[in-house]
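In this note's numbering, the protein residues as written are 981 to 1432.
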């Protein structure tokens, strides 16, 4: 029989999809969608990325390991009919849902009388987005299509994955059947993120406590809803909304044809206390076996401002659109505990500079106000606009719309403010001569997500 020529040792995962956010995942009544029995998806063969390790093994058996100890092949007595040079070389991982290191093994063709044992030592970081319980041993045929040959045994204490086989394809790999993607991500306050769950087989050959033959072809497809039992946010079930903490954000799902996607909406007002948040998909397979696939999503706030030299680095901004005009409010605290606030009115979302404007036509204006050191006796408030003898005036400054990203009815807007606001102002009502005019500076960068 052929000895593995390529052994991509991989770990896979796939991200969940969802039904409409108003519908709950029903653990007692999953979808009865039919399995997809289409043929497997071919992939290219991985290219060598490391130096081969070789060892001669004979009738009495023996082992060969990679220098880093990640992969060990054990040939029992009687597996080989004569002394044979076995080689192991790292290659690119090209398997369906493959994660981790791949290996090219030699010789190219070999008959085994006894099964060879594969032991892969995994790092927890290699299984991000999936779980050791979802792994199987796959081989790639001459069509470059992958087939799951054998199941595996996982030792979570020692972090090893073990399988055995007498029939070794030219290319082989460890794979996981599902993966939640992205496994890690960053979103802004109020932003919506979809998570996808992919599968690589129409069967669920996991949940076994012993190594056994599987023999199913692998393909790249979205996962169906039929195996999804629940989705969770920071361990709180979507099926039991009373358990949810709204400060962590919201989860829902969409279900389009056979594609199931999870939808996470970040809170709009404040970064969660537990950050990143963890979105988890619970799958159920044969013999009530369960898989828990998780994605870590960090919620960040791209808002900071400086008023009169006082820095507010971790401010929270909110935005809204009113008849095409952008209104942004932001608040934060400085290192001494003093709080600051900024309010911005911009006449449009056009990319570029919007100078401070104060006219009788309020819809044409771009205006800014600021409050520095609120809660203290020495606080100051200022506005970009003022008037002299009922004539509208404005201080110097500009609001710069840096970027607008539109997606599914929302817009993520990044803007910058630089200029002055008036804290005190007075004039002679008879001569209209200005008698008092004090200002303070305002600079800041703000990111908000608004509905259009």
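Think of the CB as a built atom: it goes at the ideal place given N, C-alpha and C, for glycine as much as any other residue.
Query	Result
Under the three-state DSSP convention, the category residue 1344 falls into	helix
Anticipated Cβ contact below 8 Å, residue 1256 with residue 1278, distance rounded	4 Å
Beta-carbon gap between residue 1118 and residue 1155 smaller than 8 Å	yes
Sheet register partners of residue 1326 (DSSP bridge)	1306
Closest Cα partner of residue 1093 within the set 1086, 1078, 1038, 1219	1038
Segment contact flag, the segment 1120-1130 with the segment 1161-1173, C-beta cutoff 8 Å, min 3 pairs	no
Residues of its chain near residue 1423, where Cβ-Cβ distance is below 7 Å and the 5 sequence neighbours each way are ignored	1285, 1286, 1397, 1398
Residue 1212 classed as buried or exposed, judged by whether at least 16 other C-beta atoms fall within 10 angstroms	buried
Residue 1298 - partner residues in DSSP beta bridges	1309
Cβ separation of residue 1310 and residue 1321, assumed to be a contact under 8 Å, to the nearest whole Å	7 Å
Near the ligand SAM: residue 1404 beta-carbon under 7 Å from a heavy atom	This structure simply doesn't include the ligand SAM, nor any ligand for that matter.
Bridge partner(s) assigned by DSSP for residue 1264	1270
Whole-Å CB distance - residue 1379 paired with residue 1393, under 8 Å assumed	Actually they do not touch by this definition, with Cβ atoms about 11 Å apart.
Sufficient close CB pairs (3 or more, under 8 Å) joining the segment 1096-1113 to the segment 1050-1066	yes
Same chain, Cβ closer than 6 Å to residue 1326, five either side skipped, listed in chain order	1306, 1334, 1346, 1379
Distance, residue 1067 Cα to residue 1091 Cα	15 Å
Which listed residue (1078, 1040, 1381) has its alpha carbon closest to that of residue 1064	1040
Per DSSP, the bridge partner or partners of residue 1396	1380, 1425
Cβ-based burial, residue 1339 [other Cβ within 10 Å; buried from 16]	exposed
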